[in-house]
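Only one structure is covered here, and it is reproduced in the block below.
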Amino acid sequence: MLKRPNPEEDEEDILRMQEEYLREKNKDAKFRPSASVTNLRPQVTETPKPPSSKPEKSVGRKPSKYAQSKGLNNEKRVRFETSTGSVMGDILEKNMEEVPKETEMDDDKVYYPKIIASVMSNIIEKNTNCDVDLSFQPMPTQGFPVAMKCDFNIAPSLKSIHSLYIQKKQQEEPLKMDIDEPTNSSKSDMSKQVNLPEKSYIVSSKDADVIHTENVNLLSKMSEKEILEEQQKLLAEIDPNLIKFIKAKRKIENAISVGDKHSPKSQKMTPQDVPMVSSVTDDDTWDNDILSHPNVNKWLHFDSLEKDKLEWIKATKESNNITPDKPYEARFDFKGYLLPYTLPYTEETKTLFHHGEEPHRPGYTLTELFELTRSMVTQQRVFALNTLAGILEYYSAGTYKGIIDIPLSKILFVLRFSLDDKAEAIIEPSLKAIRNLIYNRIEEASLDALLGFEAGLQQPCLENDKSEIEELESKESELKDYHLAEVDIIAALLRTDVLTRIQYILGNIKPNINSVQYCLQILTRLARDSPETAMTIVKMEHLMNNVKDIFKNYKNNQLSQLTMRLLRILSLQSREIGDILLSKYSILEPVLQCISTEADRTSGLRVQIEAFCIMTNLLHHDLGVDEFLSIFPIVLSALYIHVQNTDVFVTSSVLNATHAAVILQFASKIWCTQKLPDSNKGQLCILLKGARKWLAQVSQSESYTCGHLRLLCSVLDCCKTIITFDQVDMGFLKESLTKLSNSAGLLNIIAHLESSSNLLSGIETKDLHFTKNLMSLGASVVDSELKTLPILNSLSPIPFLASLFNLLEALNEEKIAQTFVQNLEPYIEKLAQKSPSLSDNWFTRTETDLVISIIKVAVKIDVPESKKDLLYAVANKLCYILRVDKGGDLEFLFRNIVFNKQWFTAERLMNLVSLSDADGFSKALTSIEEIKLCYSTVINLSYKDTGANIVLRKWQEPILPRDWIYLPILHLYSKSQEQTSQKVLGLNIKESTAKEFVIRSSLEWILFNEYCFPDLLKDINVTDRFCRLMCVFLCDNSLFLDARIKILLQKCLEVLFKRSSEFNFDQQLTGLSNFQGFYTQFLEQFQSVSYGDCNFAACVLVPLAQRHDVKWRKLIWSEYAGCLRALDCPEDRLCYELKDYLYPEETEVSLIKSYHRALTSNLVRPGTTAYAIAQHHVEACNRCKDQQI
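Just so you know, the working numbering puts 2162 at position 1159 of the sequence shown, and the rest follows in order with no gaps.
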C-alpha cells in the first residue's frame, strides 16, 4: 500500500516513492492507480446515429442544438495522448511538421479538451526551421476578452450593467471597424455589412417596401458615425412617448420574426443564409447585448435562441407588485443591518446582489441564511453565522423594535447545531451569535456602571416566569424543545447541554481569545438567570477549572476581567455557592493575587475592581472574613494612595474613582462584621477625612460626571455605616456638608435632577425593548435621543443625592437637612403632580431610594404646614412604587405619614367634618389607627430586617397595587369565592365582625381619599373603581344592608356617578378577565339577596343605560328576568338621568320582545324603574309601527 507524502519528506523521498510506484506498476498488469481520470459520460458508437433516429434519454446536461442535429446526444469522448510516458521521460526530438493522427471523432470538427495521461510528458525539442504564421495573435495575459471595469455612474435599469456600459462607450468613441468602402452591391450584402433590417417594422402600408428601400439606400451612403449622430438628433427632437410607441411596436414585430426563426425550417439554414439579428426580445425579459453584435450571423448556431442557456445573463427586473403599505420579506447586509427594498448598484453594494428569488433586491433573507448555515462550504457557513450574529446584535439593542419580528427560537436551534461543529472557524461565529442572542451588552454595561454605588451591591435575577412552562407541562406529556424556547430561551438553551459543550470547547479545543470571551459572556448571562442555574454551573467541576485556568493560559487582562466578572456574579447568588467557590475552587487565590499585585492604570485596574467586588459579596455572606482581615493593611495602603492622588474633577480618571469607590465599599462591608481591630478602625476613620477634599472639589466644580461622583457616594455610604454601627463622631462632615448645601456646585448638580429622573420621564414600558421569552432589564429607549434611560446618563445626580440623604438621615443634623430638602422642592412638587413612570424598572430603584430618603429626612425636621400636602402626596405614591423587598420602607410610610393625623392639614380635616355634619358620617368614621391596622393586616406587613438581599427574584413586583386602597375589599371578595371557610385576615374575632370591620374601614379610607385626595386617584380608571365597589355586595349576603356601610357605599357611589360619562364596560378591566362574567355573578347575587337595596339596584342599572352595549340589557331582560321584580331605584340615586335609560329609543327587536314579555307576564312591578323603562320602549315601538301603517 503506497502512502501519501507528508510535509516532512523532501525531494529524495518523493523520487523514492515514484520508483516504488513504477515498480508496483510493472509487476502487476492489472495495476490501477489510486486516482485516475474517468469519463462518466456515456460512450457513443463508432458510427454516429443519423439525425432522424430517435435520441436516447440522456442522463447528463441538455445537448446543444448542434449535437442534436449530429445525433451525438452529448456523448462526447475525451481524446487521450497515445504516449504513456513516465513522470519524466527521455528527451526526444520531434519534427513540428509531423501530422498528428486523426481520431475517430475528428470528423465533426468539434473541439474537445485534451487530457494528458502523465503529470509531465516527454521533453520535445521544437523545430524552428518551419515557417510560423506571424499574424497569429497570442492570448492576452489578462484573459480573453480583456476585462473592463464597470462605470459606477451608470444607473441600473432593465438592461444589464454591461450592456449600458458598451452602449455608452459606443456613443463616446465609435468602434473603428476594418470594413471596405461601400460599393454598389446588392441590398442583402449591404444589409449584412451595416446590420440594416430587411424590412420596415413600423410602416405597414403598400408603400412600405419602397420607403424601406429608400431608407436603406440613404443609410448605405453614410458611415456608422454619421448614422449614430443622426440617430441622436432624431431622439432629441421626437416626442419620448412616440419613441416608446415605436419601440413597443418594433418589439412585437421582432418577437414574431424571432419566433419564425425558431421553426424547424430555420434550423436547417446554413450560417451564410442567416440574416442579421439586431435584437432579440421575449416578453420584455431578455436584454442580452450579445445578440445585437454585428457579426452574430457568423457565429455557430446563433440562428436559434436557447433560453435556458442564457438564463444566467438575464437582466434583473424590478417587481411592480410592491406597494408602500404591503410588507415584503426582510433582507440584511453582511453586518446584519436591515436593508431597504432596493439599493443602487454601486461598488459598495454589488456584493449584496445575488441569484435568488428576488435578484433585483440586495441582501439575504433569514431563510437564505438558515440554508447557508448548513452549507458544505465553510466560508458560506461562517458568513451566514456572522450575519445572524449581526442581526441579533441590532435586535438586542432595540434597533428593530416595531419594525420586524425576529424568530429567536428558530435562530437558537440553528446556532446550537452549528456550535457542535468540529471546525474552530465555525465555532467562533456560533458562539458570537449565541452571545448576541442572550447577552445584552447595553444592559450589562449599565449594571457595571452601578459598581461603586450602593445600588451596585444588589443585582437582579433574570429568570423568566415559569408559570407558563408549568401550565404547558400539565397539558402535555412532554414539552418539546421548540415550545420551551417560545416560552423561555434560557431554559431551552440549558436543555441542549450548552454548558457541557462550552466545557469541551474551553478544555479540549483551546479556542482563540474571541471564542473564550464569548464563552465567558454566555456563562455570565446564564449565571444571572437564577440561583439554580448558577448552582448547576458551579457543580460542573471541569468547567469551573477551565474558567479558573484562563488566568494561567491566557495572559490577557480583558479575559481576566471577564473571568472575575463571572465569579462576581456567581458569588452573588447564595451563600452556598460562595462557600463552594471558596472551599472547592479556591477563588481567593486569584482574587488576593490581583489585589496584591501592582496593576496598570487601565485593564489591570478593572480586574482589581472586580476582585474587590467579589470580596464584598463574600463578606455579605460572612465568608472569608479572616483572610480579608489579614489583607486589610493592603486595602488601607491603596486607600491612602487614592486620598492623596485621586480627584473628582472632570479631567481626572473615572477608572481611578471607581477603584477607590469599590475599596471603600469593601471597607464599609468589613466594618459591618464587627471584627475589624480598633487600630484598623482608627486608621480608616483618619483616611475618611479625605471626604473633605472631595466635597470641597464638588462644591467648587462647575462641571461633573456621575462616574466621578461614585467616589464621593462610597465615602458618604462608608461614613453612614460607621455612624450607624459605632456612633463615631464625624464633625468634619458637618462643616463640609454645610458648605456644600450653599454651594454653586450643588445647584449645578441639582439642575440635572429632573432631566435624569425615570419617574418624571413620562416614558412608558412599551417604549422600551423587551423580548417575551428572554428576561431583560429594559435599559435602552429606542425612540429617544440618548437611547438609554434618563437615570443612566453621564450627568445623572440621583446616585449621589441618594447617598447624601442616607447620610443626612444618620447624622440627625436638622438645619443642614432642611437646607438640602429646600433645594429639592421643585423636584418634589413635580413628583407630586405627575403620575410616576417606569416604577417597575430595575434602574428606577436608585431614584426610589432617593425619594424615600427625602421623606425620612423630612419626617425628622420641622416641615411647614404648606409643604405637608406635597410630601403626603409623594408618600402616598411611594406606597405603590416600592417593590416587594421594601417592606420596611412601606411600614415607615404607613406609621409616620400615610395614616398619621399630624400630616392631615386643617383643610382636609374640614372636608371630613363638613361631610360628617351633613350626613351623620361622624358615627361611621373610625379612628385612623383602626384603618391602619386593617390595611397592615391585609398586606401582612410584619416586616423583619434580614439584611440587604443581593439577588432579587421579584424585583419587578410592587409591594402594593396601584389601587391599593381597595385591596381589603378585593381580599374579602377572593376569600368569598373559595369553598373552604377560613379566618378573615387571621383576626381573632368572629367572621361576620371581621368582615364588617374590614369593609367599613376600607370604605372610610376610600371615601377619605375621594374627598381629600382626588388627584391621587385620577389615574385609576373610573370603571375599575366602580367594579371594586361592586365587590362589596359579593363579599357577604347581608353586610351591604348595615346602616353604616350603607351610608359609606352611597357616598362612594355618588362620587363615582359624577364621572358616569367615563364608564366603559367593553374595555379590558384591571383584575378581571372580562366584565360579562363579573356582571353575571353580580346579577345572580342581586336576584338572591338584594332585598330591594337601592345601592345594589343602582349598581345593576349602570350598564343598562342606552349609551352602553345592548348585550347588557339583553342579559338581564332575558336570562336574568328574575331580577326585574326587585329592580327599582329612586331617580335621584341613579347613575344617569332617567331619560338616558329611555332615549334613544330601542331598535333591537329581540330586546323589545323581552320588554313586552316582561310587561305581559307581570315580571316587573308597576311604578318601578324597570317598569318605566319597558313600558316606554314598547310604546315607542308601537307608535313606530302605527306610523308605518
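Glycine included, every Cβ here is placed at the ideal spot set by N, Cα and C.
A direct Cα-Cα distance of roughly 33 Å separates residue 2033 from residue 1766. For residue 1332, there is no enclosing alpha helix (DSSP H), as DSSP marks it with neither H nor E.
For the pair residue 1974 and residue 2001, the CB atoms are nearer than the 9 Å cut-off.
Three or more pairs of CB atoms, one per stretch, sit closer than 8 Å, so the segment 1427 to 1442 contacts the segment 1389 to 1398. Distance from residue 2066 to residue 2035 at the Cβ level is roughly 18 Å; contact not present, criterion being Cβ atoms closer than 8 Å. Counting C-beta atoms within 10 angstroms of its own C-beta, residue 1382 has fewer than 16 neighbours from the protein chains shown and is therefore classed as exposed. Residue 1881 is positioned such that its CB atom lies closer than 9 Å to that of residue 1896. Residue state for residue 1376 is assigned as coil, using DSSP reduced to three classes.
Between residue 1203 and residue 1215, the CB-CB gap stays under 9 Å. DSSP places residue 1783 in the strand class (E or B) of the three-state scheme. For residue 1599, the uninterrupted alpha helix (DSSP H) run begins and ends at 1591 to 1599, by DSSP. Note: residue 1727 is not bridge-paired with any residue in the DSSP secondary-structure output. A straight line joining the alpha-carbon of residue 1758 with that of residue 1405 spans about 26 Å.
Taking the C-beta atoms as reference points, residue 1938 is found nearer than 9 Å to residue 1967.
Rounded to whole angstroms, the Cβ separation of residue 1859 and residue 1812 is 5 Å, and the two are in contact under 8 Å. Note on the segment 2018 to 2102: whole alpha helix (DSSP H) runs with a minimum of 4 residues are 2025 to 2038, 2046 to 2060 and 2078 to 2092, in chain order. Using a Cβ distance threshold of 9 Å, residue 1804 and residue 1726 do not count as a contacting pair.
Within a 10 Å sphere around the beta-carbon of residue 1302 sit fewer than 16 other beta-carbons, which makes this residue exposed. Annotation for residue 1026: the continuous alpha helix (DSSP H) segment containing it runs 1014 to 1030. By the beta-carbon neighbour count (other beta carbons within 10 angstroms, threshold 16), residue 2055 is buried. Look at residue 1419 here: in three-state DSSP terms it is helix. Excluding its 5 nearest sequence neighbours in each direction, residue 2013 has C-beta neighbours in its own chain below 7 Å: 2020, 2055 and 2058, listed in chain order.
A distance below 7 Å between beta-carbons, with the five flanking residues on each side excluded, links residue 2006 to the following residues of its chain, in chain order: 2048, 2051, 2052 and 2055. As for any alpha helix (DSSP H) of minimum length 4 sitting wholly inside the segment 1604 to 1690, the runs are 1606 to 1623, 1628 to 1633, 1635 to 1648 and 1657 to 1675, ordered along the chain. Between the alpha carbons of residue 1574 and residue 1520 lies a gap of roughly 20 Å. Note that the C-beta distance between residue 1506 and residue 1447 is not below 9 Å. When the beta-carbon positions are compared, residue 1830 and residue 1756 come within less than 9 Å of each other.
CA-CA distance, residue 2093 to residue 2129, rounds to 8 Å. Taking a C-beta distance under 9 Å as the contact criterion, residue 1802 and residue 1721 do not qualify as a contact pair. If you check the CB distance, residue 1537 and residue 1586 do not come in under 9 Å. With fewer than 16 other Cβ atoms from the protein chains shown falling within 10 Å of its own Cβ, residue 1357 counts as exposed. Residue range 1817 to 1826 is occupied by the alpha helix (DSSP H) that includes residue 1826. In the three-state reduction of the DSSP assignment, residue 1774 falls in the strand class.
Ranked by how close their Cα comes to the Cα of residue 1814, the residues 1836, 1798 and 1741 have 1741 in first place.
When C-alpha distances from residue 2133 are compared across 2110, 1023 and 2173, the shortest belongs to 2173. C-alpha of residue 1601 to C-alpha of residue 1777: approximately 40 Å in a straight line.
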